[in-house]
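Just below is one structure, and these are the notes that go with it.
Numbering (the UniProt record's numbering), first residue to last: 1 to 697.
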């Protein structure tokens, strides 16, 4: 029997003999391949994955039902569903209307595009998807590879067994011990059996090897043709897009021709719709056959009829709903604008909106720098000549419309004693709508320079208004097209339901703060000194540093002298944030406000401050120039009637007075009794806390 230790020695001997024959399946099959075929073999698996992944994603791109015939496939396409919806919709329209005809033709082209798409997808399935799927011939190749790997592994194992059996037979080991014994005979028979099995397995290995090599050769010869699948994909796509584009071009040309030749329907004849707002000046004038833009002429004539004496024209905002309706009427039925003559602020708002919505400002992007340079000249005659030279370089349509507008604004300024709209005030509210700098991508400083830019523009526009007769000589007929008859004057209606809730009592009304004005000082293009009066730093100029104390209201005579010294330079602007004469302190006392400080500097220097804060709408104009805001949806909350509430009304916002600050309810009631509605809030609350509760309700 032998000891256990002897068995372990024998097992170790056998393992030692078998281990040299152990190898991985890849190395076993690699012995049958040359270097070239080994490289081909290495490309098999990536090619299989690529074919599988592309086939899967491309299949997902199909919109139709895979494998269906043409008719079934077309019915399932979204384009056909769109065509069906269009067909149902145009039946409800007037078949002779432009919209009905356009919708009918669109229905037909969507049907045609759906069929082109179905044909494209069927071709794609046949010439790309199916071949890519057949590239799953590769799984057959890989199956042969795995079979060969298993056969080679079994063959190597069998050869190891045969080698061991042969050694046992040669050494006489086995039952009985001798060469002629029964054990020796059995061992010899086992060796013969293993030899037969080894021969059979070798034959199978050779056969499988031949099949696998044939597969590899076939793959190597067809590998270039597999690349054609992706070329076919792009060719089929290109053909699909060409057919679609050709169909669209043909239909679009026919549709445009029919539309241009079509007789307008009676409803369209009565109320044509023009492209007015948001289109370039040149396109608008060409489409309507005009010299002066429709909104400019219509608004100017309405304002000349009733609005030139309206206080705060162009400065006070109109109701958003009225303005929207006016703009719609301007585009659809400009002959029937008489109803809006009674609301000059809405008319002025429509004119401002038209100028602001032009893709390019009326005074053009190209001449922006030239306008700035001309306005920065100090000598009046040189400045006037430079402005005249820039005007002469405007495109003809821009020049004609600018001349028309400036003539009107000069006429408006003639009534400044009544309407309070000096050339300076007009320039403040209209300047940003006539000229603004071109946007430069990536220019982070542009937004920061917006206020300075607007101040420079104010100087340009103010000079144009003041010198309108010189820069634009000759008389002008404002009714240049003859389209608009003289509007019939109507009574003005003021809709102030919230304000009327305040009871009128006999309390003397305090004098309102003076309206802000801008001194006619020509600004420089850059490097301009700006002397600011505001809460915070006391003074700020090119040669002065901010005061370290936070209050900012301790102006001493020395600082006043220095301020006046700066203001001797006409290019140094005096800018104030507001006109508040005083501010309340927590202990009940008062401290001088910016208005008091500004008045002192104005008196000492003989210069007038440009007020950019409340109640001037200048700040709000700068904001709305860059952000899309609807004043009708905004709430102005403040504690001072003469600044906060007046500012809210001028900007078209709903106003709320909080009684925890400066103004009292009795003052608002007095203003209401005196019909000074711009100083009357729509609502009032005892404190901000009450406001929050009201908003929640």
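We put the CB at the ideal spot given by N, CA and C, even for glycine.
Are the CB atoms of residue i and residue j nearer to each other than 9 Å?
{"i": "residue 481", "j": "residue 290", "result": "yes"}
{"i": "residue 607", "j": "residue 657", "result": "no"}
{"i": "residue 427", "j": "residue 390", "result": "no"}
{"i": "residue 74", "j": "residue 108", "result": "no"}
{"i": "residue 400", "j": "residue 292", "result": "yes"}
{"i": "residue 680", "j": "residue 635", "result": "no"}
{"i": "residue 356", "j": "residue 433", "result": "yes"}
{"i": "residue 435", "j": "residue 387", "result": "no"}
{"i": "residue 637", "j": "residue 583", "result": "no"}
{"i": "residue 363", "j": "residue 412", "result": "no"}
{"i": "residue 379", "j": "residue 423", "result": "no"}
{"i": "residue 253", "j": "residue 105", "result": "no"}
{"i": "residue 303", "j": "residue 408", "result": "yes"}
{"i": "residue 360", "j": "residue 281", "result": "yes"}
{"i": "residue 77", "j": "residue 59", "result": "no"}
{"i": "residue 611", "j": "residue 576", "result": "yes"}
{"i": "residue 698", "j": "residue 630", "result": "Absent from the structure is residue 698, since the part of the chain shown begins at 1 and ends at 697."}
{"i": "residue 192", "j": "residue 158", "result": "no"}
{"i": "residue 45", "j": "residue 142", "result": "yes"}
{"i": "residue 632", "j": "residue 654", "result": "yes"}
Could you tell me the alpha carbon to alpha carbon distance between residue i and residue j, rounded to whole angstroms?
{"i": "residue 127", "j": "residue 68", "result": "16 Å"}
{"i": "residue 643", "j": "residue 651", "result": "12 Å"}
{"i": "residue 52", "j": "residue 132", "result": "7 Å"}
{"i": "residue 154", "j": "residue 201", "result": "8 Å"}
{"i": "residue 338", "j": "residue 316", "result": "21 Å"}
{"i": "residue 120", "j": "residue 479", "result": "60 Å"}
{"i": "residue 476", "j": "residue 406", "result": "11 Å"}
{"i": "residue 165", "j": "residue 151", "result": "21 Å"}
{"i": "residue 605", "j": "residue 326", "result": "46 Å"}
{"i": "residue 397", "j": "residue 116", "result": "47 Å"}
{"i": "residue 249", "j": "residue 103", "result": "16 Å"}
{"i": "residue 324", "j": "residue 343", "result": "13 Å"}
{"i": "residue 666", "j": "residue 684", "result": "12 Å"}
{"i": "residue 195", "j": "residue 156", "result": "13 Å"}
{"i": "residue 70", "j": "residue 332", "result": "46 Å"}
{"i": "residue 168", "j": "residue 41", "result": "40 Å"}
{"i": "residue 415", "j": "residue 256", "result": "50 Å"}
{"i": "residue 709", "j": "residue 210", "result": "This structure gives no information on residue 709, because the portion of the chain shown stretches from 1 to 697."}
{"i": "residue 313", "j": "residue 258", "result": "46 Å"}
{"i": "residue 320", "j": "residue 354", "result": "15 Å"}
Taking all protein chains shown into account, do 16 or more other C-beta atoms lie within 10 angstroms of the C-beta of residue i, making it buried, or fewer, making it exposed?
{"i": "residue 85", "result": "exposed"}
{"i": "residue 687", "result": "exposed"}
{"i": "residue 404", "result": "buried"}
{"i": "residue 566", "result": "buried"}
{"i": "residue 284", "result": "buried"}
{"i": "residue 623", "result": "exposed"}
{"i": "residue 83", "result": "buried"}
{"i": "residue 682", "result": "buried"}
{"i": "residue 217", "result": "exposed"}
{"i": "residue 678", "result": "buried"}
{"i": "residue 627", "result": "exposed"}
{"i": "residue 341", "result": "buried"}
{"i": "residue 57", "result": "exposed"}
{"i": "residue 91", "result": "exposed"}
{"i": "residue 580", "result": "buried"}
{"i": "residue 383", "result": "buried"}
{"i": "residue 241", "result": "exposed"}
{"i": "residue 578", "result": "buried"}
{"i": "residue 245", "result": "exposed"}
{"i": "residue 749", "result": "Outside the shown range of the chain (1 to 697) lies residue 749, about which nothing can therefore be said."}
{"i": "residue 221", "result": "exposed"}
Per DSSP, what are the beta-bridge partners of residue i in this structure?
{"i": "residue 636", "result": "655"}
{"i": "residue 583", "result": "591"}
{"i": "residue 685", "result": "658"}
{"i": "residue 610", "result": "575"}
Item checked: contact_flag[the stretch 588-603, the stretch 616-636] where n(CB pairs < 8 Å) is 3 or more -> no
Item checked: Touch test, the stretch 300-312 against the stretch 407-419, Cβ-Cβ under 8 Å, three pairs minimum -> yes
Note to self: So, does the stretch 206-214 touch the stretch 70-87, judging by three or more C-beta pairs under 8 Å?
What the structure shows: no
Item checked: Three CB pairs or more closer than 8 Å across the stretch 294-304 and the stretch 344-353 -> yes
Next item on the list: Report yes or no: do the stretch 465-478 and the stretch 360-376 share at least 3 C-beta pairs separated by less than 8 Å?
Entry: The stretch 465-478, when compared against the stretch 360-376, does not touch it at the 8 Å Cβ threshold.
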